[in-house]
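A.B. asks:
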Ligand SMILES: [Zn+2]
C-alpha cells in the first residue's frame, strides 16, 4: 500500500477562506473510494476542493492501479505506467489540496476477480483507521466492473455497526462509464447536488494532469465534456456548475444536517429532506 502526505494547500477560493455549509452534511472527515486514479477528480473533484477549503479532512483511496489491463509490453513498462499514473494523481490531488491518499494497487479491470469480502476488508481497514464521517464512491449503475465492485465494497465495509462513525454514503458519476448505462431501471439519478461554481476551474485543471487519460472532445473523457457535464448539472438547479450525487445511505442526523445546508446542497425538486 502506498501512502503519501504533502504539505500542499491551495489558496483560499474566497477571502477569509472557510464556508460553513458543506461540513454540515459531510462531517469533518471524508473518505473518497475510487476504483482508478482520476475517478475521484471526474466524480467529485469540485466537491473535494471545496471540502478542503472548509477544513474538512479528505482521504482518497485508490483500489486499482488503473493500468494493468492495458497490456503494456513487459513488466518494466507496466511498472513505469503505474508509476506515471500515480505521479499524475499526486499532481491532481495537489491541485485539489488533498494531502492524503492510499493506493492499494489491485489489478485494473479485474476487481471482480477478487472475493468481494477481501475488497470490503481492505476498505474496512482504511475506514477503521481514518474513521470517516462520510464516504463517497462509485455508482452501482456504472458500466465499468471495477466501479461497481468499489460500490459494493464500500457498502459492505460501511454496513451499520454500533461503532461506525459513517453517517452517510453517496455515489458519484464518471463520464464514459456512468453515462453508458441503458437499463432504464438502473440509471444514475442524482438527488444531491453540490454547487461547484467556485471550484470547477480547479477540477478541470486537476483532470488535465492525467495526460494519458484525456482525449479530444467529443470523447466523453475530455476536458470539454467534463465542463459541459458540470454546467449541465448546474443548470438543473440554476447555478453555473454542479456535481450530482446519488444518496446511497444517510443517517437520520445527516438528514437533519442536509436540511440545514440547503444553500450548498440543493435537493431535486419534489424531494424534500425533512
Ligand atoms: Zn474508473
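Residue numbers (this note's numbering): 5 to 278.
Built from N, CA and C at the ideal position, the CB exists for glycine as well.
Fair warning: this is a prediction, and the values are worked out from it, not measured in the lab.
Please state the DSSP three-state secondary structure of residue 199.
C.D. replies: Of the three classes helix, strand and coil, the one that applies to residue 199 here is strand, per DSSP.
A.B. asks: Count the other C-beta atoms from every protein chain shown that fall within 10 angstroms of the C-beta of residue 190, then say buried if there are 16 or more, exposed otherwise.
C.D. replies: Residue 190 comes out exposed.
A.B. asks: Is residue 178 near ligand 1, going by C-beta to nearest heavy atom under 7 Å?
C.D. replies: The answer is yes for residue 178.
A.B. asks: Specify the secondary structure class of residue 105 as computed by DSSP and reduced to three states.
C.D. replies: Strand at residue 105.
A.B. asks: Can you round the beta-carbon distance between residue 44 and residue 52 to whole angstroms, since I take them to be within the 8 Å contact cut?
C.D. replies: Contact holds; Cβ gap of about 7 Å.
A.B. asks: Whose C-alpha, out of 85, 201, 96 and 82, is nearest the C-alpha of residue 46?
C.D. replies: Here the closest residue by C-alpha is 96.
A.B. asks: Going by other Cβ atoms of all chains shown within 10 Å of its Cβ, with 16 needed for buried, is residue 78 buried or exposed?
C.D. replies: Flag for residue 78 reads exposed.
A.B. asks: Could you pull out every residue in the same chain whose Cβ sits closer than 6 Å to the Cβ of residue 111, ignoring the five residues on either side in sequence?
C.D. replies: The answer, listed in chain order, is 72.
A.B. asks: So, does the region 202–212 touch the region 148–159, judging by three or more C-beta pairs under 8 Å?
C.D. replies: Result no; under three Cβ-Cβ pairs closer than 8 Å.
A.B. asks: Considering only DSSP beta bridges, list what residue 142 is partnered with.
C.D. replies: Beta-bridge pairing links residue 142 to 176.
A.B. asks: Is any heavy atom in ligand 1 found nearer than 7 Å to the beta carbon of residue 148?
C.D. replies: The answer is yes for residue 148.
A.B. asks: How far does the alpha helix (DSSP H) with residue 33 in it extend, from its first residue to its last?
C.D. replies: Residue 33 -> not in any alpha helix (DSSP H); beta strand (DSSP E) instead, spanning 33–38.
A.B. asks: Beta-carbon within less than 8 Å of residue 30's beta-carbon, same chain only, minus the 5 sequence neighbours each way: which residues are those?
C.D. replies: For residue 30, where only same-chain residues beyond five positions count, the Cβ hits under 8 Å are 55, 60, 137, 138 and 172.
A.B. asks: Do you know offhand how far residue 28's Cα is from residue 81's?
C.D. replies: Cα to Cα, residue 28 sits roughly 45 Å from residue 81.
A.B. asks: Is there at least one non-hydrogen atom of ligand 1 closer than 7 Å to the beta-carbon of residue 250?
C.D. replies: Answer for residue 250: no, Cβ out of range of ligand 1.
A.B. asks: By a C-beta neighbour count over all protein chains shown, 10 Å radius and 16 as the cutoff for buried, is residue 163 buried or exposed?
C.D. replies: Counting Cβ neighbours within 10 Å, residue 163 comes out exposed, since fewer than 16 surround it.
A.B. asks: Ignoring anything shorter than 4 residues, give me the alpha helix (DSSP H) runs that lie fully in the region 184–250, in order along the chain.
C.D. replies: Those alpha helix (DSSP H) runs which fall completely within the region 184–250 and span 4+ residues are 204–212 and 227–241.
A.B. asks: Given 8 Å as the limit, is there contact between the region 178–197 and the region 219–228, that is, 3 or more CB pairs closer than that?
C.D. replies: Contact holds: three or more Cβ-Cβ distances are below 8 Å.
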